[in-house]
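Asks: Residue numbers (the working numbering): 33 to 183. Using N, Cα and C, we set each Cβ at its ideal position, and we do this for glycine too. Being a predicted model, the structure only gives us computed values, none of them experimental.
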């Protein structure tokens with residue numbers, strides 16, 4: 033089974049530690065010199081990586097890092113007990129709420145941006161959470177293996 037590590041590029045490590053620890057009650061695990069900090073308290077460790085604005089993001093791409101609000105197909109969802117309290121806490125720590133809190137069959141979701149332009153969602157599950165809308169079986173054969181691992 034693969035282990036998950038979450039890495040978040042930021043241009044101000046001190047500000048990022050303050051934001052994520054204040055907004056989401058994470059704590060500092062280890063520090064790796066002046067360029068990285070491990071945050072604990074989520075299901076997977078989060079590593080904040082100091083990467084200056086305007087630097088090359090990848091040797092195989094011409095894209096440069098930008099900490100203005102940007103879109104990426106991967107973002108972080110944090111499950112919280114109270115969406116209203118969590119949104120207030122995140123906003124007070126520097127997040128921007130990007131619309132109304134939405135209510136769905138499975139719960140409530142608030143879409144925010146952290147101070148570094150990354151999309152972050154806060155989710156409050158109700159009832160059975162995502163199981164409220166899940167189908168019983170998948171079609172690829174991988175679902176049964178994953179379902180057994182979650183039990």
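(1) Quick one: grab the DSSP three-state call for residue 40.
(2) I think residue 133 touches residue 142, with their Cβ atoms under 8 Å apart; what is that distance to the nearest whole Å?
(3) Verify whether the separation of the beta carbon atoms of residue 99 and residue 51 is less than 8 Å.
(4) Tell me which residues share the same chain as residue 101 and place their Cβ nearer than 6 Å to its Cβ, disregarding the 5 neighbours each side in the sequence.
(5) Run through DSSP, which three-state label would residue 51 get?
(6) From the DSSP output, read off the bridge partner residues of residue 70.
(7) What ranges does the alpha helix (DSSP H) occupy inside the stretch 108 to 138, keeping only unbroken runs of at least 4 residues that lie completely in it?
(8) Are residue 138 and residue 112 close, meaning C-beta to C-beta below 8 Å?
(9) Roughly how far, in whole angstroms, is the beta-carbon of residue 81 from the beta-carbon of residue 68, given that I think they are within contact range, below 8 Å?
(10) What are the partner residues of residue 59, as DSSP defines its beta bridges?
(11) From the DSSP output, read off the bridge partner residues of residue 156.
(12) Using three-state DSSP, classify residue 151 as helix, strand or coil.
(13) Rounded to a whole number of angstroms, what is the C-alpha to C-alpha distance between residue 130 and residue 66?
(14) Please report the straight-line C-alpha distance between residue 121 and residue 60, rounded to a whole angstrom.
(15) Opposite residue 34 in the DSSP bridges: which residues?
Replies: According to the data block:
(1) Against the chain shown, residue 40 aligns to sequence position 8. Here residue 40 sits in strand by DSSP.
(2) In the chain shown, residue 133 corresponds to position 101, counting from 1. In the chain shown, residue 142 corresponds to position 110, counting from 1. The pair is a contact, with the Cβ atoms about 5 Å apart (cut-off 8 Å).
(3) Taking the first residue of the chain shown as 1, we reach residue 99 at position 67. Taking the first residue of the chain shown as 1, we reach residue 51 at position 19. No, the pair does not count as a contact, with Cβ atoms beyond the cut-off.
(4) Residue 101 sits at position 69 when you count from the first residue of the chain shown. Once the five neighbours on either side are set aside, the close Cβ partners of residue 101 are 145, 149.
(5) In the chain shown, residue 51 corresponds to position 19, counting from 1. Of the three classes helix, strand and coil, the one that applies to residue 51 here is helix, per DSSP.
(6) On the chain shown, residue 70 is found 38 positions in, with the first residue counted as 1. 79, per the DSSP bridge assignment.
(7) 115 to 125, all fully within the stretch 108 to 138.
(8) Counting from one through the chain shown, the residue named residue 138 turns up at place 106. Counting from one through the chain shown, the residue named residue 112 turns up at place 80. Against a cut-off of 8 Å, the Cβ pair of residue 112 and residue 138 comes out as no contact.
(9) Locating residue 81 in the chain shown gives position 49, where the first residue counts as 1. Locating residue 68 in the chain shown gives position 36, where the first residue counts as 1. That belief holds up - the Cβ atoms of residue 81 and residue 68 are roughly 5 Å apart, short of 8 Å.
(10) Locating residue 59 in the chain shown gives position 27, counting from the first residue. Answer by DSSP bridge pairing, in chain order: 72.
(11) As a first step, residue 156 is located in the chain shown; it is residue number 124 there, counting from the start. Answer by DSSP bridge pairing, in chain order: 140.
(12) Numbered from 1 along the chain shown, position 119 holds the residue referred to as residue 151. Strand, per DSSP.
(13) Locating residue 130 in the chain shown gives position 98, where the first residue counts as 1. Locating residue 66 in the chain shown gives position 34, where the first residue counts as 1. If you take the alpha carbons of residue 130 and residue 66, they lie about 32 Å apart.
(14) As a position in the chain shown, residue 121 is number 89, starting the count at 1. As a position in the chain shown, residue 60 is number 28, starting the count at 1. Roughly 18 Å separates the two Cα atoms.
(15) What you label residue 34 is simply residue 2 of the chain shown in a count that begins at 1. DSSP lists no partner for residue 34.
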